[in-house]
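Peer 1: The sequence shown begins at 4 in the working numbering and counts up by one. All C-beta atoms, glycine included, are put in the ideal place defined by N, C-alpha and C. Would you mind keeping the following structure in view while I ask a few things?
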Amino acid sequence: MLTLTCPCCGVTVEETELAPGGEAHLKRFGPGSTDAEFETYMFARKNPKGVHFERWRHAYGCGKWFLAARCTVSWEVFGTYPAQTTEPPAELIAKIKEKRPGWEGWK
């Protein structure tokens with residue numbers, strides 16, 4: 004079972020207490036965007052085998068959104084951080100690169 008720590012309230016919970024929100028760090032396109040940009044936003048998602056950044060909501064706790072970095076193969080969680088962050092924290096990137104030397108980055 005996937006276990007994540009909510010960075011907002013500090014509680015460590017199983018995934019049954021959380022609601023998944025999909026891929027993190029998406030660029031959202033609004034009015035004035037081209038059809039191709041909007042199509043990419045709506046339908047083109049990464050589905051990596053390995054490190055992935057996701058949005059989660061602590062549904063049965065504080066109710067706040069947060070982001071998590073985890074491995075989709077082993078379910079190893081590298082860390083969580085607030086949803087208001089525009090990119091993963093440097094210390095989290097360093098932790099991932101330490102454990103996965105061949106990892107190319109989050110973008």
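For the structure I just gave you, are there three or more beta carbon pairs, one from the segment 69-79 and one from the segment 7-15, closer than 8 angstroms?
Peer 2: yes
Peer 1: Can you give the Cα-Cα distance for E57 and E26, rounded to whole angstroms?
Peer 2: Their Cα atoms are separated by approximately 5 angstroms.
Peer 1: The alpha helix (DSSP H) with Y84 in it runs from where to where?
Peer 2: Premise fails: Y84 lies in the beta strand (DSSP E), V80 to P85, not in any alpha helix (DSSP H).
Peer 1: Taking C-beta to C-beta, are F32 and F46 nearer than 7 angstroms?
Peer 2: no
Peer 1: Between Y44, E20 and E101, which lies nearest to H28 when the distance is taken from Cα to Cα?
Peer 2: Y44
Peer 1: Given T75, which residues of its chain have a CB within under 7 angstroms of its CB, disregarding the five upstream and five downstream residues?
Peer 2: P51, K52, G53 and H55
Peer 1: Under DSSP, the beta strand (DSSP E) around A22 begins and ends at which residues?
Peer 2: A22 to E26 is the extent of the beta strand (DSSP E) around A22.
Peer 1: Restricting to Cα atoms, I'd like to know which of R48, K49 and R60 is closest to E20.
Peer 2: R60
Peer 1: Since F69 sits in a beta bridge, which residues does DSSP pair it with?
Peer 2: W59 and P85
Peer 1: Apart from the five residues just before and just after A22, which ones in its own chain have a Cβ nearer than 6 angstroms to its Cβ?
Peer 2: R60 and A62
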